[in-house]
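Asker: If you're matching positions, the sequence shown starts at 210 in this note's numbering and goes up one per residue.
Before anything else, here's the structure in question.
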Amino acid sequence: MGRVKLKFKFIFGKKGYGKTQYILNEIKNEMKNVNDHRILIIVPSHNTFMMENRILEYLGENALSKLEIMDFKKFTFKLLNIFKGKTKNRISNIGKSLLVNYLIRNNYGKFLYFKDNNNIDLSDEILSMLIDFKNYNIDNNCINCILNAINPNTELYSKISDLMYINNLYNDYIDNNYLDSLDDMRIANDIIQKNKDLFNSYNIYIDGFDIFTYYQYEFLNIIIDRSNKLVVSLTIDELSNSIIYNDIIKIKNRVLTLLFNKDCYDIEEVYLNDVHKSDELKYLDRNYLKYNVRPYPYEVKNIFLNKCLNNFYEVEELCKKIRYLVINIGYRYKDIGVICRDIDSYENFIRVSFDEFNIPYFIDKKNEITSNMFSIFIFSIFEIFDNNFSNNALFKYIKSGLLDLDDDEIFLIENFSLENGISKYKWKTDFIDEYYIRYKIERGNEDNIDINKINAIRRIIIDPLMALFNKVKGKNSVNYFIKELYNFLKDFGFLDKIQYICESLKLRNDFINANEIVQIVDNIFNVLDEINDIFRNEMLSFSEFGKILINSISKIEISHVPMRMDEILIGDIERLKIGNYKVLFVIGCNSINFPKIYKKEDLINDLEKNYIRNLGFEFSGTNIDKNLSENYLIYSLLNIPKESLYISYSISNMDSRSMNPSILISRIKKIFPKVIEDNKTIIKTEFSIDNIYSMNSTLSSFILDFKNCILNNKLSKIHTELYNFYKNNDKFKDFISIFLMRIRGKNYKDLLDLDMLNYIYKDTKFSISSVETYSKCPFKYFLDYIIKVRIRRIFSFESYDYGNIVHFLMENICKNIIKYYNFRNLSKDEIDKFTLDYFNNIIFSYDNGSYILNNNFKFRTFGKKVRKIISDAIFFTCKHLGNTEFFHKYYEFEFGKNSSKIELILNDGRRASFVGKVDRIDFCKSNDEMFINVIDYKSSIHDIDYGKIYNVLNIQTIAYMDYIIRLYRDNYNIDLNPCGIFYFTISKPIIKNKKNIDLIKETEKYYRYSGFIINDIKKINLIDKNILNNGNGSSISLKINKDGEISKVNSLESILSENEFSDILEFVHESVKDKIMEIYDGNIEVCPVLDDINQSRCSYCNYVGICKFTKKTNKFRIINELDKDLFFNLIRKGNN
210 MGRVKLKFKF IFGKKGYGKT QYILNEIKNE MKNVNDHRIL IIVPSHNTFM
260 MENRILEYLG ENALSKLEIM DFKKFTFKLL NIFKGKTKNR ISNIGKSLLV
310 NYLIRNNYGK FLYFKDNNNI DLSDEILSML IDFKNYNIDN NCINCILNAI
360 NPNTELYSKI SDLMYINNLY NDYIDNNYLD SLDDMRIAND IIQKNKDLFN
410 SYNIYIDGFD IFTYYQYEFL NIIIDRSNKL VVSLTIDELS NSIIYNDIIK
460 IKNRVLTLLF NKDCYDIEEV YLNDVHKSDE LKYLDRNYLK YNVRPYPYEV
510 KNIFLNKCLN NFYEVEELCK KIRYLVINIG YRYKDIGVIC RDIDSYENFI
560 RVSFDEFNIP YFIDKKNEIT SNMFSIFIFS IFEIFDNNFS NNALFKYIKS
610 GLLDLDDDEI FLIENFSLEN GISKYKWKTD FIDEYYIRYK IERGNEDNID
660 INKINAIRRI IIDPLMALFN KVKGKNSVNY FIKELYNFLK DFGFLDKIQY
710 ICESLKLRND FINANEIVQI VDNIFNVLDE INDIFRNEML SFSEFGKILI
760 NSISKIEISH VPMRMDEILI GDIERLKIGN YKVLFVIGCN SINFPKIYKK
810 EDLINDLEKN YIRNLGFEFS GTNIDKNLSE NYLIYSLLNI PKESLYISYS
860 ISNMDSRSMN PSILISRIKK IFPKVIEDNK TIIKTEFSID NIYSMNSTLS
910 SFILDFKNCI LNNKLSKIHT ELYNFYKNND KFKDFISIFL MRIRGKNYKD
960 LLDLDMLNYI YKDTKFSISS VETYSKCPFK YFLDYIIKVR IRRIFSFESY
1010 DYGNIVHFLM ENICKNIIKY YNFRNLSKDE IDKFTLDYFN NIIFSYDNGS
1060 YILNNNFKFR TFGKKVRKII SDAIFFTCKH LGNTEFFHKY YEFEFGKNSS
1110 KIELILNDGR RASFVGKVDR IDFCKSNDEM FINVIDYKSS IHDIDYGKIY
1160 NVLNIQTIAY MDYIIRLYRD NYNIDLNPCG IFYFTISKPI IKNKKNIDLI
1210 KETEKYYRYS GFIINDIKKI NLIDKNILNN GNGSSISLKI NKDGEISKVN
1260 SLESILSENE FSDILEFVHE SVKDKIMEIY DGNIEVCPVL DDINQSRCSY
1310 CNYVGICKFT KKTNKFRIIN ELDKDLFFNL IRKGNN
């Protein structure tokens, strides 16, 4: 008795019209009948989980014993395991790419097109073409037909010829060594053909496919003769008159051809035209593809548009809507789907916001593993090897998390290496004391570093690497490299550390991240296995092996399985299109993503593909085909929801660059002119009870609104209640305290506590530099002198290092010269020789190898330039000394010692001690009077700025003059008369137009003193004896006219009378006392001095990232330009 003829059924309907539900209803009815028909449901791989959930929900657990749900991959895998067993290993997609790379490496000399493309990146493009050959059954006969039709001199001929050669090698290798998933369908078809009883009397349902491969059509062709019933659902409307359905129509016609060839005419076609949807969604479905559309005349209640400022606000608004739908309307989370075409850009915002709103969610996407700790660890090993222990590579390795180092040890070794220029070969052996770089010549307490501890850390880092690298030098087999890499990971405990991390995560119930690490490690070792199988005996260098491994690991993608039944599923259209959703949210609906535009062409470009198609061969789609498919997907998503559709887009990205809405937005606005477009994130609305969702999420929106309400005196009852709730909550009360400080316009604590102040300033000795810092900004003083923040030192010679070396050299060389020579009579050659000897014996000596200027050739060269500058500065100092009645009394005179103790009594009776160092003090005795000059060495030109003096920003040398005068008066009963407060610039002179000028004279002008000078010809003559002889000073920039008076061509800003000298010293003295009182009072507000009203941030400070200074939040001061007259008028009127 012959078998019953096949019952075939097409189920046609648009997306969301219930094709899957129709199938489930039919299966339910079949199960009520007592028969022996097994049921097989075949769906795309990404829809199996969702289909299983729908069957469990609709048909119950018992249904799973009578039916099977599979994708083609699982279907073929099961058949092969039953009938073939595990005879060969299955090659992965990464393995296929490796195989193509291997074949190219070993045969590139035989190619026509690829002979000059021995590039690992090309393997993926070639593999894509080989996959097309298999999917469309293009064998050698087909390829020869194509080649016969092509001009041999064309590029297409070379491509096809090379691809045919690679394809033959590829298939031979696969057939002999592996199972290829692309061949599974062909092998499965052979098994079904040979086993006549397979799938007899089966009821087979095929649902959710938009495309079939050649061998999947062959499967349909076979089971037409076997199965009892075959049902195929296709997404298409009854008219099928839109171009976007072209691919679906091809499927329909191809299936009909298979049926007619089998004389099967019992074909039922079911068109699902009626669907339970809201009126607006039905209208959208019917009219979206029409060119001339009649606008929807009614109020739009179930389609919503949301225009948002950026991605962050878009996701936040999404969360608010979801919470509203669940809490107020009664939806389940599983009733709601979220589609996003650019999940990578939105993922972080989704995770943060959904967690804040306590919304369960699952992001359905595959993730790359390149940012995982184990991947970074593997990558860094090869980077260290290739770059010879470069710091960047080593720090990646150190911070990967797999070394037995805690954070303090990592920071210690990192800071040590950066500060001391440790790189490359220096890492390979123990650090020695000479590796420690000193940025000051004199040795201090900072030299006392624990070199043994640092070396112990170094050995933990380097010893495993050296053990590995010593074994992988030169070329060797890939099998050898893989063994050594595995032994390295195992012997030094890195695999144990990974296992420990996984167990720790599981103990914290973080199973997702624990499983992710396990997946990643397994995948990486699978890749190593495939590299070993394919390249086993290939002779490569370790670097070449590393490139292959890194490239392969970069292609690994992992995915997770949803953990809950009731949660929001977030994914691309392909992942959600089979879902049974009542509400659908589409986020990121901007022109760049909706629709996606395909521009990059394949190895065989679109013109060449069309040429092959015209020859009668089917081939993969062109960019035009892909763009049509994209429009089909966009139209499909509109039909997914049953009740409501929410679409949102951003008008700018997170960099504030403008973004355009998708054409989908304008299309919906045209069909529904009355649709409401929300823009709450752009146009602010009043805070209300509708803004309250969860503790975390409400806090974010509450604090944004609370400040404005306080400033505008518009506090509502809801503000007060929320404030009291958070203030009394242990979790949030500290945050609220800080927030209130910001509301009052401050991003700092008002005043330090009294007990803390007494502790901090108990034995504190101030410096004028610290007072100047406080005047610049009290908060900067707090960080510099109380917290004592240290800026990470990077191996370099900075401007402040130059200032330190200049001061040191001027003091010590001058002191040494005085021991052996008469300073006033030294020649330039003698000074040059003395300076050279000093540098050779001190700076560049072997014992001083740890000083930065003696560390390497680059810095020694700069040190020689410094020597020339110092030599010139000393020479002109000698010339100045030969033309003056003053003598050098002190070099680097220090305040704060017993005989030079400085203690100020403040206006409230409190006391403050000072320390400091004056670069040079010159004395002169004339007519039983003592005169004094104070000289400050500067590494750059220093001008007088009365505005900065008035703001207590540039007072150091003036204060030193005041303290020395008071010190001599109080301790020695000697009255000192101030003559000059001078700045001596020690740097390379900048001389323009060097032709036809006397360089020595021009250089001498550069090395003159600048600063304040007394308005008294007799005292000026003591400073510079040349001033009366020729009218021009040699050491000071001053001119005297024939009458012996100061010439009017001089700048009078720097010339002070005795009263003005007295006034400025007194002003500085009192200003310092006032600042110390503010410091003692604990004021550390963020209140910087800005050079310009248009300046947005402090130019002199490294702490802007800490204080978060803004003009809107913080007070600030502007340095006003003051001339001398205005300055003295202000200080005499007491307007300090």
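C-beta atoms are modelled at their ideal positions from N, C-alpha and C, and glycine is treated no differently.
Could you tell me how far apart the beta carbons of Arg247 and Asn789 are, in whole angstroms, since I believe they sit closer than 8 Å?
Answerer: 25 Å between Cβ atoms; not a contact.
Asker: To the nearest angstrom, how far is it from the Cα of Ile1003 to the Cα of Ile593?
Answerer: Cα-Cα distance, rounded: 21 Å.
Asker: If you draw a straight line from the C-alpha of Leu1162 to the C-alpha of His1097, how long is it?
Answerer: Spanning the two alpha carbons is a distance of roughly 28 Å.
Asker: At what residues does the alpha helix (DSSP H) containing Pro673 begin and finish?
Answerer: From DSSP, the alpha helix (DSSP H) with Pro673 extends over Ile660 to Phe678.
Asker: Is the beta carbon of Val535 less than 8 Å from the beta carbon of Phe558?
Answerer: No; because the gap between Cβ atoms is not below 8 Å, this pair is not in contact.
Asker: Counting C-beta neighbours from all protein chains within 10 Å, is the total for Ala1082 16 or more, i.e. buried, or is it exposed?
Answerer: The residue in question, Ala1082, is buried, as its Cβ has 16 or more Cβ neighbours within 10 Å.
Asker: Counting pairs of Cβ atoms below 8 Å between the segment 470-480 and the segment 844-863, do you hit three or more?
Answerer: No: fewer than three Cβ pairs fall under 8 Å.
Asker: Throw me the rounded Cβ distance for the Leu603 and Ile666 pair, which I believe falls under 8 Å.
Answerer: Not quite, the Cβ-Cβ distance comes to about 12 Å (not below 8 Å), so this is no contact.
Asker: On the DSSP letters alone, give me the boundaries of the beta strand (DSSP E) that Ala602 sits inside.
Answerer: Taken as a continuous stretch (DSSP letters only), Ala602 belongs to no beta strand (DSSP E), being part of the alpha helix (DSSP H) at Asn600 to Ile607.
Asker: Do Asp419 and Ile445 have their beta-carbon atoms positioned less than 8 Å apart in this structure?
Answerer: For Ile445 and Asp419, no; Cβs fall outside 8 Å.
Asker: When you compare only the Cα positions, how much space is there between Lys756 and Asn601?
Answerer: Distance between the alpha carbons of Lys756 and Asn601: 18 Å.
Asker: Please classify Thr579: is it buried, with 16 or more other beta-carbons within 10 angstroms of its beta-carbon, or exposed?
Answerer: Exposed, because fewer than 16 other Cβ atoms sit within 10 Å of the Cβ of Thr579.
Asker: Taking Cβ to Cβ, would you say Gly546 is nearer than 8 Å to Leu793?
Answerer: It is a contact, given that the beta carbons lie within the stated cut-off.
Asker: State the Cα-Cα distance for the pair Glu852 and Lys343, rounded to the nearest angstrom.
Answerer: Looking at the two C-alpha atoms, the distance is approximately 43 Å.
Asker: Inspect the beta-carbon positions of Lys1228 and Phe1336 and report whether they are closer than 8 Å.
Answerer: For Lys1228 and Phe1336, no; Cβs fall outside 8 Å.
Asker: Just curious, the alpha helix (DSSP H) that Tyr423 is in, first and last residue?
Answerer: Per DSSP, Tyr423 belongs to the alpha helix (DSSP H) from Tyr423 to Ile432.
Asker: Give the DSSP-derived three-state secondary structure of Asn1186 in the structure shown.
Answerer: Asn1186 falls in the strand class under three-state DSSP.
Asker: Return the chain-ordered list of same chain residues with a C-beta closer than 6 Å to the C-beta of His1151, the five sequence neighbours on each side being excluded.
Answerer: Tyr1192.
Asker: Mind the definition here: the segment 804-816 touches the segment 837-848 only if three or more C-beta pairs lie below 8 Å; say whether that holds.
Answerer: Touching, per the Cβ criterion.
Asker: In the structure shown, what three-state DSSP assignment does Arg1120 receive?
Answerer: Here Arg1120 sits in strand by DSSP.
Asker: Drop a sphere of 10 angstroms on the beta-carbon of Gly1397, count the other beta-carbons inside from all chains shown, and report buried for 16 or more, exposed for fewer.
Answerer: Shown here, the chain extends from 210 to 1345; a query on residue 1397 therefore has no answer.
Asker: Helix or strand or just coil, what does DSSP make of Arg1001?
Answerer: Correct three-state label for Arg1001: coil.
Asker: Only counting runs of 4 or more residues, tell me where the alpha helix (DSSP H) segments fall wholly within the segment 379-417, in order along the chain.
Answerer: Those alpha helix (DSSP H) runs which fall completely within the segment 379-417 and span 4+ residues are 390-403.
Asker: Give the DSSP-derived three-state secondary structure of Asn741 in the structure shown.
Answerer: Note: Asn741 maps to helix in three-state DSSP.
Asker: If you reduce the DSSP assignment to three classes, tell me which class Phe217 lands in.
Answerer: In the structure shown, Phe217 sits in a strand (DSSP, three-state: E or B).
Asker: Are the CB atoms of Lys974 and Gly1105 nearer to each other than 8 Å?
Answerer: A contact, by the Cβ cut-off of 8 Å.
Asker: Where do the N-terminal and C-terminal ends of the alpha helix (DSSP H) with Arg299 fall, by residue?
Answerer: Run containing Arg299: none in the alpha helix (DSSP H); it sits in the beta strand (DSSP E), Asn298 to Ile300.
Asker: For Met373, name the three-state secondary structure that DSSP assigns.
Answerer: Looking at Met373 - three-state DSSP - the assignment turns out to be helix.
Asker: Let's test the definition: count the other Cβ atoms within 10 Å of the Cβ of Asn412 and tell me whether it reaches 16, buried, or not, exposed.
Answerer: The residue in question, Asn412, is buried, as its Cβ has 16 or more Cβ neighbours within 10 Å.
Asker: Who are Leu1062's beta bridge partners in DSSP?
Answerer: The partner list for Leu1062 (beta bridge, DSSP) is empty, contrary to what the question assumes.
Asker: Nearest-angstrom Cα distance between Glu766 and Ile729?
Answerer: One C-alpha to the other measures close to 9 Å.
Asker: Whole angstroms is fine: what's the gap from Ser1266's alpha carbon to Tyr1100's?
Answerer: Those two C-alpha atoms are separated by around 27 Å.
Asker: What span of residues does the alpha helix (DSSP H) with Gly1012 cover, start to end?
Answerer: Unbroken alpha helix (DSSP H) run through Gly1012: Ser1008 to Tyr1029.
Asker: Of the choices Lys1077, Asp434 and Tyr522, whose alpha-carbon is the least far from that of Pro1198?
Answerer: Looking at the Cα atoms, Lys1077 is the closest of the given residues.
Asker: Which whole-angstrom value is the C-beta distance of Ser1244 and Ile1226, which I expect to be below 8 Å?
Answerer: Ser1244 to Ile1226, Cβ: 16 Å. No contact.
Asker: So is Met774 buried or exposed if we call it buried at 16+ other beta carbons inside 10 Å?
Answerer: It is exposed - the Cβ of Met774 has fewer than 16 other Cβ atoms within 10 Å.
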